[in-house]
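K.L.:
Throughout the sequence shown, residue numbering follows mature numbering (1 follows the signal peptide of the UniProt record, and there is no 0), covering -15 to -1, 1 to 196 in sequence.
Backbone N, C-alpha and C define an ideal beta-carbon position, used for all residues, glycine too.
The structure's right below; bear with me while I get my questions together.
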Amino acid sequence: MHIITTLGMAALAAAAPAVRQAGSLSQSNGFILIAKVTDPSRDLDPSVDGMPLSAIHTGAALNAAVLWSSGRVFYQNGTAEQAQLKQTTIITDAVMPGFPFGIYVQGPAEPRDIISINVGSGTYNIIAESDAPAMANGLGSGTYLACNATVPYYQRKFITLQYAYDPATDIPAECAPIALVPQCATLDELPEDSHSSHEFVQQVPCYEEGV
């Protein structure tokens, strides 16, 4: 289990850059994560601004996190106590009859790599409560990146999701710093034989439109 120190919890606000959108704010238990470039001078060509987060298969119960033409619906999972401690995770349901796939970000002491969306709860991630909500990495402050990188399983490049804990030194030319902004979406009900559970889904702030 990953443990967040008091200092780490205080740093969560810095882990999610404020990116205010034109759309009105609402609340939802389901959302799509939309990439918003936080430094336009470092955007990729073509632009990744406005692309949704999805996943591509890389093995049994394994996926690479990528920006794609269509996004997956995610939800924030955790008890009320976990939400208060910022120990929730961000999950998407996939594969019939329904399994939870969590977002896995490498720790601060590990080298930057493509983020995974694999079976399980994932590492701590939250939708930061503010007037400019965005997903924050619960393992430490930094920035999410959209990187034109090779996914080994396919031996070709995709716009992959990565995370840099030191943006001053760890954003290569093929990466753009981004915030992942929640756009409200419908969270479908689970089939009766699902391995996922929506018992502890958290309502989060999200944009109704204009992301």
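With distances taken from CA atoms, which of ASN110, GLY127, ALA46 is nearest MET120?
P.N.:
When only C-alpha atoms are compared, the closest one is ASN110.
K.L.:
Start and end of the beta strand (DSSP E) containing ALA121?
P.N.:
Unbroken beta strand (DSSP E) run through ALA121: 120 to 122.
K.L.:
Do you know offhand how far MET(-7)'s Cα is from SER54's?
P.N.:
Only weak support is given to the placement of MET(-7): the predicted model assigns it a pLDDT of 35, under 50, and the value that follows is read from those uncertain coordinates. Spanning the two alpha carbons is a distance of roughly 33 Å.
K.L.:
Assuming contact is defined by CB atoms lying nearer than 8 Å, are ILE99 and ALA134 in contact in what I supplied?
P.N.:
The answer is yes: Cβ separation under 8 Å.
K.L.:
Using only the alpha-carbon positions, how far apart do TYR150 and PRO118 sit?
P.N.:
Looking at the two C-alpha atoms, the distance is approximately 20 Å.
K.L.:
Helix, strand or coil, according to DSSP, for residue 198 in the structure here?
P.N.:
A question about residue 198 goes unanswered here, because the residues of the chain that appear run from -15 up to 196.
K.L.:
Using only alpha-carbon positions, find the residue among SER126, PRO137, LYS142, ALA113 that is nearest to GLN187.
P.N.:
Of the listed residues, the one whose Cα sits closest to GLN187 is ALA113.
K.L.:
Pick out whichever of ALA131, HIS180, SER181, PRO82 has its Cα sitting closest to the Cα of PRO25.
P.N.:
It is ALA131.
K.L.:
Beta-carbon within less than 6 Å of GLY15's beta-carbon, same chain only, minus the 5 sequence neighbours each way: which residues are those?
P.N.:
VAL58, TYR60, ALA170, THR171, LEU172.
K.L.:
Report the partner residues of ILE88 according to the DSSP bridge assignment.
P.N.:
The partner list for ILE88 (beta bridge, DSSP) reads ILE102.
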